Amino acid sequence: MTNHFLRLIICICLGAVRLQAQESENQREGVFASDLGDSLGAGLFRAKQIWQLKLREINAPDASAQLAEGALSPQGVATIGRLFEQSIQSALTVEGSAPVAPELGGFAAFDGSLILHEQPHALRQVQCELAARANNLDGLTELYELYPRHMGELDPANALKRIIHSPAISVEKKSALVKKIVSGLLYSSGHTFLFENEALQTSLLREEWRGRFLGAWHIHPPEYGHDGWLPGEMNPGGNDMEAARESPEFVLIFQPDGFDLVDLFALKGSAHTDLSKIKRHSFRSENWRRRFEALHRTFHSATAASARRSNCRND
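So for the sequence shown, numbering that gives the first Met the number 0 puts the first residue at 0; every next one is plus one.
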């Protein structure tokens with residue numbers, strides 16, 4: 000049984016109890032046992048759905064073939080295209096820096112077509128706050144108090160905090176340097192997908208699960224260029240490879256005229272990363288190129304008119 004699968008089951012059951020506790024707290028003090036029983040029952044129902052997906056995975060070992068079939072089908076291409084559009088529309092930046100389109104990710108199933116269940120990024124709220132407060136030194140300092148764990152993951156060396164409180168740097172130089180550091184933190188955290196446990200629990204409980212469980216996925220979004228979108232990070236990183244050795248995983252990489260699907264399924268259970276086991280499938284289309292060129296023109300105009308510091312309205 001894969002780590003991803005066990006995590007899904009546990010998150011669903013914990014999420015059911017947590018949601019019921021929150022709802023009950025709004026109505027009265029305490030949580031009755033019957034409420035917890037009902038919510039746990041709902042969680043177990045979702046767990047049963049995912050267990051059925053897992054059984055189909057065990058009994059149908061052609062995961063790679065189904066993944067390629069689903070991703071390269073017209074429906075799969077449309078779904079993946081919308082993910083890249085969503086990432087672009089969620090891009091954040093600070094004044095003087097290029098926009099950063101974030102990685103998106105989640106879990107996948109196959110039921111005659113590819114089903115991508117998207118899950119929230121663990122650091123998204125903090126990323127939004129960072130971008131919105133890039134010109135506010137006190138506001139940035141406050142983030143370390145409001146989100147200590149998240150800021151520790153985002154800025155483990157406390158580089159931003161040290162610059163803000165450094166007495167040796169003038170206010171003018173400090174402001175410019177802080178913006179560069181914030182931009183760098185947005186870029187590095189935006190190009191790493193992390194699950195948020197509580198949000199994952201809520202999302203899993205409320206979604207319908209069907210078909211056959213494939214594994215975890217995330218995208219490598221486009222890089223912003225003045226004249227057009229540039230390819231996403233071309234190859235899976237070391238963390239991707241390590242995760243794929245424990246549980247099934249695949250990566251979707253943006254290209255200006257399509258995308259690359261990198262299938263890491265064959266790495267599962269390997270003691271080391273064997274690059275020869277990695278499968279890559281490509282989709283290319285002039286319609287895709289024209290579509291994202293048009294999106295870039297619209298995005299570029301909006302970015303020129305106003306820095307996208309708080310582009311979190313759709314999150």
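Even for Gly, the Cβ is constructed at its ideal location relative to N, Cα and C. Computed from a prediction, not measured in an experiment: that's the story for all the values here.
Between the alpha carbons of M240 and I162, how many angstroms are there, rounded?
Working through the sequence shown from its first residue, we reach residue 240 at position 241. Working through the sequence shown from its first residue, we reach residue 162 at position 163. One C-alpha to the other measures close to 34 Å.
Span separating the alpha-carbon of M150 from that of L159
By 1-based counting over the sequence shown, the position of residue 150 is 151. By 1-based counting over the sequence shown, the position of residue 159 is 160. In a straight line, the C-alpha of M150 is about 10 Å away from that of L159.
Complete beta strand (DSSP E) runs within the segment 243-273 (minimum length 3 residues, chain order)
248-254 and 257-262
Less than 6 Å between C-beta atoms, sequence neighbours within five positions excluded: which residues of the same chain meet that for R209?
The residue labelled residue 209 in the question sits at position 210 within the sequence shown. Here the set comprises D110.
Alpha carbon to alpha carbon, how far is S269 from L139?
In the sequence shown, the residue the question calls residue 269 occupies position 270. In the sequence shown, the residue the question calls residue 139 occupies position 140. Taking the straight line joining both Cα atoms gives about 43 Å.
With burial defined as no fewer than 16 other Cβ atoms inside 10 Å of the residue's Cβ, what is the status of G80: buried or exposed?
Taking the first residue of the sequence shown as position 1, residue 80 is located at position 81. Burial call: buried.
Given this structure, state the Cα-to-Cα distance separating G237 from A77, to the nearest angstrom.
Position 238 of the sequence shown, counted from the first residue, corresponds to residue 237. Position 78 of the sequence shown, counted from the first residue, corresponds to residue 77. Their backbone Cα atoms lie some 29 Å apart in a straight line.
Close Cβ partners of S188 (< 7 Å) along its chain, the five nearest in sequence each way excluded
Here residue 188 is taken as the residue at index 189 of the sequence shown, counted from 1. Same-chain partners within the cutoff: L122, Q126 and L153.
Thinking C-alpha only, which one of L274, F212, R148 and A167 is nearest S246?
The count along the sequence shown starts at 1 and reaches residue 246 at position 247. Minimum Cα distance to S246 is reached at F212.
Closest to K276 by CA distance: which of S284, A265 and F282 is it?
Walking along the sequence shown from the start, residue 276 turns up at place 277. Nearest of S284, A265 and F282 to K276, Cα basis: A265.
What are the residues that DSSP puts in a beta bridge with I114?
Your numbering for residue 114 matches position 115 in the sequence shown. A108, per the DSSP bridge assignment.
Are the beta-carbon atoms of I87 and P221 separated by less than 8 Å?
Residue 87 sits at position 88 when you count from the first residue of the sequence shown. Residue 221 sits at position 222 when you count from the first residue of the sequence shown. Yes, Cβ-Cβ distance for I87 and P221 is below 8 Å.
Report back the beta-carbon spacing between G214 and F253 to the nearest angstrom; my notes put them in contact at under 8 Å.
As a working note, residue 214 is residue 215 in the sequence shown. As a working note, residue 253 is residue 254 in the sequence shown. That pair is no contact at about 20 Å.
Between the Cα of P230 and the Cα atoms of H299, E206, L184 and D259, which residue gives the shortest distance?
Translated into positions along the sequence shown, residue 230 becomes position 231. Ranking the options by Cα distance to P230, first place goes to D259.
Cβ shell of A32 (< 7 Å), same chain only, five flanking positions each side left out:
Along the sequence shown, read from residue 1 onward, the residue named residue 32 stands at position 33. Confidence at A32 is low in this model, with a pLDDT of 40, below 50, so its placement is unreliable and no value can be given for it.
Kindly list the residues whose CB is nearer than 8 Å to the CB of E102, restricted to its own chain and excluding five residues on each side of it in sequence; keep chain order.
Start at 1 with the first residue of the sequence shown, and residue 102 comes out as number 103. Within the same chain, E102 has close Cβ partners S86, H120, G189, H190, T191, F192, H217, I218, H219 and P220.
Alpha-carbon to alpha-carbon, P255 and S182
Locating residue 182 in the sequence shown gives position 183, where the first residue counts as 1. Locating residue 255 in the sequence shown gives position 256, where the first residue counts as 1. The straight-line gap from Cα to Cα measures roughly 24 Å.
Can you grab the Cα-Cα spacing for the pair T92 / W228, in whole Å?
The residue given as residue 92 occupies position 93 in the sequence shown. The residue given as residue 228 occupies position 229 in the sequence shown. Distance between the alpha carbons of T92 and W228: 16 Å.
What do you get for Q118, buried or exposed, if any count of 16 or more other CB atoms within 10 angstroms of its CB means buried?
Counting from 1 along the sequence shown, the entry for residue 118 is found at position 119. Q118 comes out buried.
Applying the criterion that 16 or more other CB atoms from any shown protein chain within 10 Å of the CB defines a buried residue, is E22 buried or exposed?
Walking along the sequence shown from the start, residue 22 turns up at place 23. Low local confidence applies: a pLDDT of 45 at E22 is under 50, so the model's placement there is unreliable, and no value is given.
Is G224 buried or exposed, if buried means 16 or more other CB atoms sit within 10 Å of its CB?
Counted from its first residue, the sequence shown places residue 224 at position 225. Exposed, by the Cβ-count rule.
Taking G104 as the reference, give the member of S89, I168, S169 and L82 with the closest Cα.
The sequence position of residue 104 within the sequence shown is 105, counting from 1. When each option's Cα is compared against that of G104, the closest is L82.
So, helix, strand or coil for D34, using DSSP?
Position 35 of the sequence shown, counted from the first residue, corresponds to residue 34. The predicted position of D34 is uncertain, since its pLDDT is 42 and thus under 50; no value can be drawn from it.
For A131, the first and last residue of its enclosing alpha helix (DSSP H):
Here residue 131 corresponds to residue number 132 of the sequence shown, with the count starting at 1. Segment R123 to A131, the alpha helix (DSSP H) holding A131.
Given the structure, does K172 come close to the ligand FMN, in the sense that its CB is under 7 Å from one of the ligand's heavy atoms?
Although the ligand FMN was asked about, the structure shown includes no ligands whatsoever.
How far does the beta strand (DSSP E) with S318 in it extend, from its first residue to its last?
Since the first and last residues shown for the chain are 0 and 314, residue 318 lies out of range.
Sequence-distant residues of the same chain with beta carbon closer than 6 Å to W287, five excluded per side
Mapped onto the sequence shown, residue 287 falls at position 288. Taken in chain order, the residues that qualify are D256 and G257.
Relative to the alpha-carbon of L185, which residue among N234, E206, P98 and K173 has its alpha-carbon at the smallest distance?
Stepping through the sequence shown from its first residue, residue 185 is reached at position 186. Nearest C-alpha to L185: P98.
Mapping DSSP to helix, strand and coil, what is A158?
Against the sequence shown, residue 158 aligns to sequence position 159. DSSP places A158 in helix when its eight states are reduced to three.
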